[in-house]
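K.L.:
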Amino acid sequence: MLIGELSRRTGVSPRLLRYYEEQGLLKAGRAPNGYRDYADETVLTVRHVRTLLDAGLSTEVIRTVLPCFRGEQQGFGFDWCADLRALLARELAATDERIDGLRRNREALAGFLAKP
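Following my numbering, the numbering of the sequence shown begins with 1 at its first residue and continues without gaps.
1. What separation, rounded to the nearest whole angstrom, lies between the Cα atoms of residue 58 and residue 113?
2. Taking the alpha-carbon positions, what's the residue 5 to residue 42 distance?
3. Does the beta-carbon distance from residue 51 to residue 26 come in below 9 Å?
4. Within the same chain, show all residues whose beta-carbon is closer than 7 Å to that of residue 67, passing over the 5 residues directly before and after it, in chain order.
5. Looking only at DSSP bridge pairs, what is residue 69 linked to?
6. Is the beta carbon of residue 29 within less than 8 Å of some heavy atom of the ligand MN?
7. Report the residue ranges of all alpha helix (DSSP H) runs contained in full by the segment 18–61; include only those spanning at least 4 residues, in chain order.
8. Please state if the CB of residue 31 and the CB of residue 123 are separated by a distance shorter than 9 Å.
9. Per DSSP, what kind of secondary structure is residue 7 in: helix, strand or coil?
10. Would you mind sorting residue 35 into buried or exposed? The rule is 16 or more other CB atoms within 10 Å of its CB.
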């Protein structure tokens with residue numbers, strides 16, 4: 001399928017689809033005219049990428065996680081590839097650290113505003 005059709009089927013812009021390809025998250029063949037040609041299963045791959053991005057993972061981490069991610073439109077899950085649990089645990093810890101930092105920032109700002 002051409003990039004326009006993939007975009008329509010996934011709701012992801014062609015620009016983002018090209019970016020995902022540049023990041024190694026998608027693979028496209030080339031038609032004789034040079035246009036990108038995506039397999040039908042790429043629709044599911046794009047949905048997986050979007051789900052993982054929504055979880056706050058970087059494209060670098062997604063490149064590692066994606067081969068272990070499975071599922072259809074409902075009921076995503078993992079085939080627990082080697083070291084995947086440890087990788088996701090590190091990502092969770094990093095997210096917790098960012099949340100703690102944001103809480104400290106919020107408290108400082110609220111403190112500024114509380115002063116006359």
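Glycine included, every Cβ here is placed at the ideal spot set by N, Cα and C.
P.N.:
Once the coordinates are examined:
1. 34 Å
2. 11 Å
3. Contact flag unset, no.
4. 81
5. 78
6. No copy of the ligand MN appears in this structure; indeed no ligand is present at all.
7. 42–54
8. This structure cannot speak to residue 123, because the chain is shown only from 1 to 116.
9. Three-state DSSP puts residue 7 in a helix.
10. exposed
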